[in-house]
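According to numbering that gives the first Met the number 0, the sequence shown is numbered sequentially starting from 0.
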Amino acid sequence: MREFFCLLLIGLLCASSYFPVAAQTPSPQDQDDVIRVRTNEVKLDIVVKDKKGRLVRELTPTDFEIYEDGVRQQIESFRFVLNESNRAGGVRKPEAKESPGGPAGPETPGSTHPGVIALVFDRLSPEARSLARKAGMTYAQEGIVAGDFTGVFGIDLSLRTLQSFTDNGDLIREAIDRATSASTSGYTSTTAQVRQGAERSAALDQRISSLQSEAAAAGAARDGGGAAAAGAAVGQAAIEQQFVDMQNRIYEQFETLERDQQGFATINSLLAVINPMRNLPGRKTIIFFSEGLALPASVQTKFPAVISAANRANVSIYTIDSAGLRIESGTSEAAKEINSLAARRMQQVGRGSDVGTSGPYMKALERNEDLLRLDPRSGLGQLADETGGFLIRDTNDLSAGIRRISDDMRGYYLITYVPKNDDYDGRFRQISIKMNQPNFDVQTRKGYYAVESVSHLPVLDYEAPALAAARNARSGINKLPLRVGAFSFPASNRTGLALVLAEAPMSLFSLTPSTDKKTYSSSFSIVALIRNQSNQVVQKMSQHYPLTGTIETLDAAKKGELLFYRETQLPPGSYSLELIAYDAPSGRTGISTSAIEIPPATETRPRLSSVAVLKRAERLTPEEQKQNQPLHFGELIVYPNLGDPILKSTSKQLAFFFTAWPINGNKSPLQVTAEILQGERRLGQTTTQLPSPDEHGQIKYASAFPLDKFAPGNYELKITIGEATNPVSRSTRFTVAP
Numbered sequence: 000m001r002e003f004f005c006l007l008l009i010g011l012l013c014a015s016s017y018f019p020v021a022a023q024t025p026s027p028q029d030q031d032d033v034i035r036v037r038t039n040e041v042k043l044d045i046v047v048k049d050k051k052g053r054l055v056r057e058l059t060p061t062d063f064e065i066y067e068d069g070v071r072q073q074i075e076s077f078r079f080v081l082n083e084s085n086r087a088g089g090v091r092k093p094e095a096k097e098s099p100g101g102p103a104g105p106e107t108p109g110s111t112h113p114g115v116i117a118l119v120f121d122r123l124s125p126e127a128r129s130l131a132r133k134a135g136m137t138y139a140q141e142g143i144v145a146g147d148f149t150g151v152f153g154i155d156l157s158l159r160t161l162q163s164f165t166d167n168g169d170l171i172r173e174a175i176d177r178a179t180s181a182s183t184s185g186y187t188s189t190t191a192q193v194r195q196g197a198e199r200s201a202a203l204d205q206r207i208s209s210l211q212s213e214a215a216a217a218g219a220a221r222d223g224g225g226a227a228a229a230g231a232a233v234g235q236a237a238i239e240q241q242f243v244d245m246q247n248r249i250y251e252q253f254e255t256l257e258r259d260q261q262g263f264a265t266i267n268s269l270l271a272v273i274n275p276m277r278n279l280p281g282r283k284t285i286i287f288f289s290e291g292l293a294l295p296a297s298v299q300t301k302f303p304a305v306i307s308a309a310n311r312a313n314v315s316i317y318t319i320d321s322a323g324l325r326i327e328s329g330t331s332e333a334a335k336e337i338n339s340l341a342a343r344r345m346q347q348v349g350r351g352s353d354v355g356t357s358g359p360y361m362k363a364l365e366r367n368e369d370l371l372r373l374d375p376r377s378g379l380g381q382l383a384d385e386t387g388g389f390l391i392r393d394t395n396d397l398s399a400g401i402r403r404i405s406d407d408m409r410g411y412y413l414i415t416y417v418p419k420n421d422d423y424d425g426r427f428r429q430i431s432i433k434m435n436q437p438n439f440d441v442q443t444r445k446g447y448y449a450v451e452s453v454s455h456l457p458v459l460d461y462e463a464p465a466l467a468a469a470r471n472a473r474s475g476i477n478k479l480p481l482r483v484g485a486f487s488f489p490a491s492n493r494t495g496l497a498l499v500l501a502e503a504p505m506s507l508f509s510l511t512p513s514t515d516k517k518t519y520s521s522s523f524s525i526v527a528l529i530r531n532q533s534n535q536v537v538q539k540m541s542q543h544y545p546l547t548g549t550i551e552t553l554d555a556a557k558k559g560e561l562l563f564y565r566e567t568q569l570p571p572g573s574y575s576l577e578l579i580a581y582d583a584p585s586g587r588t589g590i591s592t593s594a595i596e597i598p599p600a601t602e603t604r605p606r607l608s609s610v611a612v613l614k615r616a617e618r619l620t621p622e623e624q625k626q627n628q629p630l631h632f633g634e635l636i637v638y639p640n641l642g643d644p645i646l647k648s649t650s651k652q653l654a655f656f657f658t659a660w661p662i663n664g665n666k667s668p669l670q671v672t673a674e675i676l677q678g679e680r681r682l683g684q685t686t687t688q689l690p691s692p693d694e695h696g697q698i699k700y701a702s703a704f705p706l707d708k709f710a711p712g713n714y715e716l717k718i719t720i721g722e723a724t725n726p727v728s729r730s731t732r733f734t735v736a737p
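#1: Contact between the segment 528–546 and the segment 626–638: three or more CB pairs below 8 angstroms?
#2: Figure out for me which residue from G495, G224, G114, P726 has the closest Cα to the Cα of S314.
#3: Apart from the five residues on each side of it in sequence, which residues of its chain come closer than 8 angstroms, Cβ to Cβ, to N438?
#4: If you draw a straight line from the alpha carbon of G742 to that of M245, how long is it in whole angstroms?
#5: CB-CB under 8 angstroms to E40, same chain, minus the five flanking residues each way: which ones, in chain order?
#6: So is D407 buried or exposed if we call it buried at 16+ other beta carbons inside 10 Å?
#7: Given this structure, state the Cα-to-Cα distance separating P125 from V499, to the nearest angstrom.
#8: Decide yes or no for the touch test of the segment 591–599 against the segment 614–631: beta carbon pairs closer than 8 angstroms, at least 3 of them.
#9: Measure the CB-CB distance between A600 and G589 and report whether it falls below 7 angstroms.
#10: Examine the Cβ distances between the segment 561–581 and the segment 605–613 and report whether three or more of them are shorter than 8 angstroms.
#11: From V272 to S163, what does the alpha carbon distance come to, in whole angstroms?
#12: Please classify N713: does DSSP put it in a helix, a strand, or coil?
#13: Contact check, F120 vs A131 under 8 angstroms by CB: the rounded distance?
#14: For the alpha helix (DSSP H) that M408 lies in, which residues bound it at each end?
#15: Output needed for K557: all residues of its chain with C-beta closer than 7 angstroms, excluding positions within five of it in sequence on either side, in chain order.
#16: Compute the distance between the beta-carbons of Q652 and L716, then report whether it is under 7 angstroms.
#17: Would you mind reading off the limits of the alpha helix (DSSP H) that contains S129?
#18: Need the endpoints of the alpha helix (DSSP H) that E743 sits in, please.
#19: Hey, could you find the ends of the beta strand (DSSP E) S609 is sitting in?
#20: Which whole-angstrom value describes the C-beta separation of G135 and L161, a residue pair presumed to lie in contact below a C-beta threshold of 8 angstroms?
#21: Can you give the Cα-Cα distance for Y700 and A673, rounded to whole angstroms?
#22: For G168 versus A139, is the C-beta distance shorter than 7 angstroms?
#23: Taking 7 angstroms as the cut-off, decide whether the C-beta atoms of N274 and A308 are in contact.
#24: For S702, which option in Y714, N665, F632 has the closest C-alpha, if you only look at C-alpha atoms?
#25: Distance, Cα to Cα, I430 vs Y317?
#26: Over what stretch of residues does the alpha helix (DSSP H) that includes S307 continue unbroken?
#27: Starting from the C-beta of G548, find all residues in its chain whose C-beta is less than 7 angstroms away, skip the five residues before and the five after it, and write them out in chain order.
#28: Under a three-way DSSP split, which group does E634 fall into?
#29: Whole angstroms is fine: what's the gap from Q30's alpha carbon to Y714's?
#30: Let me know the alpha helix (DSSP H) ranges lying completely inside the segment 691–735, each 4 residues or longer, listed in chain order.
#31: Scan the segment 152–186 and note each continuous alpha helix (DSSP H) run of 4 residues or more that stays entirely inside, going in chain order.
#32: Less than 7 angstroms between the beta carbons of T443 and I65, yes or no?
#33: Considering A556, what are the terminal residues of the alpha helix (DSSP H) in which it resides?
#34: If you follow the alpha helix (DSSP H) that G378 is part of, which residue opens it and which one closes it?
#35: In three-state terms, what does DSSP make of S509?
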């Protein structure tokens, strides 16, 4: 073992040229996400009301015209679903009318599906919790229909299930009471402090300018004492300004981190509630109590995925601004920022100071966009509008809003059509509905991105063009050939752990200089799909790389390499990994594949990870060495070779790595046999004992063999552990080149 440590340190440990993507500056996105049903049929839930807000029930297919990107579509099926409740007895009175294209006919009672409603309470202030509690209890007392199932959830820094879906009204009321009684982590905005600090900095800037003028005048008048005093005052003001600016940066950094944390918690929690609803029949509803969505640029890129997942799962989201009637509008803080910013800008221009397009002025404008996104009519309004719901705001009577939502949930038209455009190219398709009676109000989703479905998994906005491009590229030329690998790592506490890796030279991707030649940028995505033996997507992992850098670092960036690494959990079975690389500026697409086998967990045989031929290694810091990671080996982290030929001209030996887990309670040393095969021929074999397990019950093992006697060609390395009666084997292939 010690000899191999030396081998790794000498032969593999080298300066990494992998591109430091985490250090780059992401470009914010603001795009809608992908909506796609399992087949090419598009489903629309349409609520139609008259101008008095009453449900319109007696329409037929001839009353609707469905347009996709301006092209009229043929209605394939039409049904009106009505679930009424008797408030006194809580009895469902189902009624459904269905028709493929002609007048709707009645459906037999009882054939409608039960309603599924999720009450989701975001983190709320005490006043907002009080209003939300009254509204929630109104729903529990008046809105529940017999046979419906309601779940209650709370969002803080994570999602809490306060009541799983039930038709028991008492349990629902108890959960609502818990959701609106417990305090949550508060969000303290530092916007006012930042603005005050900026104004103080501007005042100091003006004072410095004035003192400099005084010093110049005193110098011209040969007043040495006056010039010295003015100069000292300038220095003192400059020092004070530096501390003010530093304090502002502290406030801004804290606010950014807190908004990101809370924004991601909300987005991820909504996705977690939505996705399991997809497999349930009928229309589903989320009633979301919040005081506003925090959507900074980093969170905004994931926000469309919530809308997409809701539309694909047939979930309508109704949002309630639980702050009630606000003394100040949601945009007042942004207006104050704009006014303050304008005043500072006028002062700068008056002094002849021009900060340009990349200085504090532009940064303040960018920050102001984040403030505008906190307005309830922004994030909450978009979430409701694009999923067929609506926003309740500017009122303390939230119970009236709950009654409006209940009316919406009880009656809607379910219409389906098959798009005339069958090219699923990932582009957004607008859906519009025209009624032959223009005095009706219509609620439904606004459109979708046409892309191949990935099972029940939500599709993020940057994944849509990659998935669409991959659909057309599977039978074409691989223009972005990434090297990929998938490895099984059956750890004691995660026997289905799988590692997904990919790497590629950065020169494959578009790194485009800006027009002023001062910076460069790129935008590319990696999407990894794991399919089971039925070719269904069971796991999806991805990363978007909107990178920027200074032009001086462009050449170094092109020489670097991209490393994509993810961990996932899979049940036992055989899988295929399909990795999609998509370069947005050029539209180039690449698809690479790999197989992965997850062995069944057993207590009667030892466990063995995949065998990895190694490419290189890096030394870990002392703190990193304390972490039990799959590819950590003593003082090193090892990087698998993902299919590159091993050159005899530069490599004298082939290093490999695996991890073994003995049978629980078995103290006997494990035997390991390594075989080199070429086709059906065994070229060599060696057997030895493995070391004792570490404190985690695992044996991480690495070794190497010389390459001098290997002729160029393809080979297989087979590792077997255990006794002859219960052996476990794993293999990997490698190529030797001159």
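Note that the Cβ used here is the ideal one computed from N, Cα and C, for glycine as well.
Owing to the predicted nature of the structure, the values given are computational and were not obtained by experimental measurement.
In brief:
#1: no
#2: Just to set this straight, residue 314 is Val in the shown sequence, not Ser. Here the closest residue by C-alpha is G114.
#3: D49, K50
#4: No statement about residue 742 is possible, as the shown extent of the chain runs from 0 to 737 and does not include it.
#5: E75, T415, Y416, V417
#6: buried
#7: Answer to the nearest angstrom: the Cα atoms are 45 angstroms apart.
#8: Look at the beta carbons and you see the segment 591–599 not touching the segment 614–631: under three pairs across the two are nearer than 8 angstroms.
#9: no
#10: Not touching, per the Cβ criterion.
#11: If you take the alpha carbons of V272 and S163, they lie about 11 angstroms apart.
#12: strand
#13: 6 angstroms
#14: 397–409
#15: Non-local beta-carbon contacts of K557 in its own chain, meaning distances under 7 angstroms to residues more than five positions away in sequence, involve M505, S506, L510 in chain order.
#16: no
#17: 125–137
#18: Outside the shown range of the chain, which is 0 to 737, sits residue 743, and nothing can be said about it.
#19: Taken as a continuous stretch (DSSP letters only), S609 belongs to no beta strand (DSSP E), as it is neither H nor E.
#20: Their Cβ separation, rounded to whole angstroms, is 11 angstroms, which puts G135 and L161 out of contact at 8 angstroms.
#21: Their Cα atoms are separated by approximately 12 angstroms.
#22: yes
#23: By the CB criterion at 7 angstroms, N274 and A308 fall inside the cutoff.
#24: Of the candidates Y714, N665, F632, the residue whose Cα lies closest to the Cα of S702 is F632.
#25: 20 angstroms
#26: 302–311
#27: Q23, T518, Y519, A556
#28: E634: coil per DSSP, three-state reduction.
#29: Caution is warranted here: a pLDDT of 34 is assigned to Q30, below 50, making its placement in the model unreliable, and no coordinate value can be reported.
#30: If only complete runs of 4 or more residues are kept, the segment 691–735 shows no alpha helix (DSSP H) anywhere.
#31: 168–178
#32: no
#33: 553–558
#34: 378–384
#35: coil
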